[in-house]
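In the numbering used here, the protein residues as written are 83 to 395.
Ideal placement from N, C-alpha and C gives every residue a C-beta, glycine not left out.
Everything below concerns the one structure shown next.
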Amino acid sequence: MEKIKAFLRLARWSNLVFVAFTQWMFYYCILEPIFQSKNVQPNIHGNLIYLLMLSYILVAAAGYIINDYFDLNIDQINKPEKVTIDKYIGRRWAIFFHLLFTLSSIAIGIYIDTQTHVYIMGFCNFLNGLLLFVYSLSFKKKLLVGNLLIAFLLAWVIVVITCCESNQFSILSHNKMINTQKLLRYTILYGGFAFIINLIREVIKDMEDVEGDRLYGCRTMPISWGMNATKVFVAVWMVVLISILSLLQFYAFQLQWWFFSIYCIVAVIAPLINAFKKLSKAQTAKDFHKISSLIKIVMLTGIVSMIFFKIYS
């Protein structure tokens, strides 16, 4: 039982649930209502959406496992109480599960391709697995490269669902009846939100882990630029995100989406402003961890806001 709990921690089960929840919300609250309004069946339908979610759960779990494998020495300094590899799970088993999950994800992607003629899922899952491996091995130690990559991959969790509604890479080419612009607007909105919020959180996590990273020669932003410059970087992106979300409320007001606006202001914008205020005073790893946790809550409330698009559709 202890090893099972350790394995679930290693695979970051809560993050995997969040990935699946994000894809499920986007599919059922945004994409499906747009198709149903025209009585058109999406490429991804029925059990295929659950297989798509499973494939991303597997490739994400593989990424977390290989990341902890390469970060063992750093984690023993930054968060020794959370170390799993070598303590509960051997290194060879970690590599085995990484390969098993990655190959299973690719196989599921290929199966989805054969059922839908999308022809991108197998390749995308292979590329995701490769990028997560290279990230863990090298990119995460480089200035900004790793942060941007993870932010992009987490945004891709949303974007890929829209991309699956395509034939031969031409988005929605087979469904002229569908309101393509509406779907693309929502995809850009939530994909952009996922990219920015995850970029913010990744840099904050670098500030939290700076001591261990410095000892092992990492060139993360806090180490290369210093804490103050890194805080400015994060603050600028916070201001950008808060500004975009605030402007979005004017559009919602015109549509009289009152409950959506109230929700966004209270559950998304206000916590972001709170995190912005805390950032200037943060000094210790504990301070940055609290901000990171607050940003994670904003990620969740932001994704939950998709339900209003289903309500108002």
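I'd like the span of the alpha helix (DSSP H) that includes residue i, first residue to last.
{"i": "M303", "result": "303 to 307"}
{"i": "G191", "result": "173 to 198"}
{"i": "G211", "result": "203 to 219"}
{"i": "C245", "result": "227 to 245"}
{"i": "Y109", "result": "Premise fails: Y109 is in no alpha helix (DSSP H) and is neither H nor E."}
{"i": "D288", "result": "262 to 290"}
{"i": "V141", "result": "130 to 152"}
{"i": "Y298", "result": "Careful: Y298 lies outside any alpha helix (DSSP H) and carries neither H nor E."}
{"i": "I389", "result": "389 to 394"}
{"i": "K169", "result": "Segment: none, K169 is in no alpha helix (DSSP H) and carries neither H nor E."}
{"i": "E84", "result": "84 to 92"}
Please report how far the alpha carbon of residue i lies from the alpha carbon of residue j, in whole angstroms.
{"i": "N149", "j": "A176", "result": "10 Å"}
{"i": "A334", "j": "S343", "result": "6 Å"}
{"i": "Q331", "j": "L297", "result": "45 Å"}
{"i": "K372", "j": "M309", "result": "17 Å"}
{"i": "K161", "j": "Q336", "result": "48 Å"}
{"i": "A311", "j": "K287", "result": "15 Å"}
{"i": "Q250", "j": "V200", "result": "Low local confidence applies: a pLDDT of 43 at Q250 is under 50, so the model's placement there is unreliable, and no value is given."}
{"i": "V322", "j": "S328", "result": "10 Å"}
{"i": "I240", "j": "L219", "result": "25 Å"}
{"i": "L225", "j": "M303", "result": "6 Å"}
{"i": "F315", "j": "I393", "result": "36 Å"}
{"i": "S362", "j": "K120", "result": "49 Å"}
{"i": "F391", "j": "N97", "result": "24 Å"}
{"i": "H256", "j": "I116", "result": "Because H256 sits at a pLDDT of 49, beneath the cut-off of 50, its placement in the model cannot be relied upon, and the following sentence gives the value as read from the coordinates. Straight-line Cα distance between these residues: approximately 15 Å."}
{"i": "K368", "j": "A357", "result": "14 Å"}
{"i": "M381", "j": "K164", "result": "23 Å"}
{"i": "L130", "j": "T196", "result": "11 Å"}
{"i": "I351", "j": "K360", "result": "14 Å"}
{"i": "W95", "j": "G128", "result": "24 Å"}
{"i": "M107", "j": "S395", "result": "14 Å"}
{"i": "I253", "j": "L133", "result": "Low per-residue confidence applies at I253: pLDDT is 48, beneath 50, and the placement is therefore not dependable enough to give any value."}
Residue i: which of the options sits nearest, CA to CA?
{"i": "L140", "options": "E114, G191, C111, Q118", "result": "G191"}
{"i": "G145", "options": "V316, N210, I355", "result": "N210"}
{"i": "M135", "options": "V350, N207, R174, I326", "result": "N207"}
{"i": "I147", "options": "I171, I131, I270", "result": "I171"}
{"i": "R91", "options": "G299, A143, V241, S218", "result": "A143"}
{"i": "M388", "options": "C246, W238, C346, G228", "result": "C346"}
{"i": "V242", "options": "I86, R94, Y138, Y151", "result": "Y138"}
{"i": "L265", "options": "A276, F179, C245", "result": "C245"}
{"i": "T166", "options": "W340, A93, S362", "result": "A93"}
{"i": "K169", "options": "A88, W106, L133, Q105", "result": "A88"}
{"i": "L231", "options": "I194, E284, K164, H127", "result": "E284"}
{"i": "I270", "options": "I377, Y217, V380, I326", "result": "I326"}
{"i": "F100", "options": "E247, V227, A237, S395", "result": "A237"}
{"i": "F152", "options": "F103, F275, L214, I305", "result": "L214"}
{"i": "F275", "options": "L235, G228, I202, S306", "result": "L235"}
{"i": "Y109", "options": "L281, S374, E247, N280", "result": "E247"}
{"i": "S374", "options": "C111, W307, I282, Y217", "result": "I282"}
Count the other C-beta atoms from every protein chain shown that fall within 10 angstroms of the C-beta of residue i, then say buried if there are 16 or more, exposed otherwise.
{"i": "R173", "result": "exposed"}
{"i": "M83", "result": "exposed"}
{"i": "Y272", "result": "buried"}
{"i": "K222", "result": "buried"}
{"i": "N155", "result": "exposed"}
{"i": "C338", "result": "Inspection of the sequence shows that residue 338 is occupied by Gln rather than by Cys. Flag for Q338 reads exposed."}
{"i": "Q263", "result": "exposed"}
{"i": "F205", "result": "exposed"}
{"i": "E290", "result": "buried"}
{"i": "G299", "result": "exposed"}
{"i": "W340", "result": "exposed"}
{"i": "K313", "result": "buried"}
{"i": "S187", "result": "buried"}
{"i": "V348", "result": "exposed"}
{"i": "F179", "result": "buried"}
{"i": "T184", "result": "buried"}
{"i": "L212", "result": "exposed"}
{"i": "V292", "result": "buried"}
{"i": "T366", "result": "exposed"}
{"i": "Q105", "result": "buried"}
Alpha helix (DSSP H) runs contained entirely in the stretch 300 to 372, provided each spans 4 or more residues: Within the stretch 300 to 372, complete alpha helix (DSSP H) segments of at least 4 residues are found at 303 to 307, 309 to 336, 340 to 346, 352 to 363, given in chain order.
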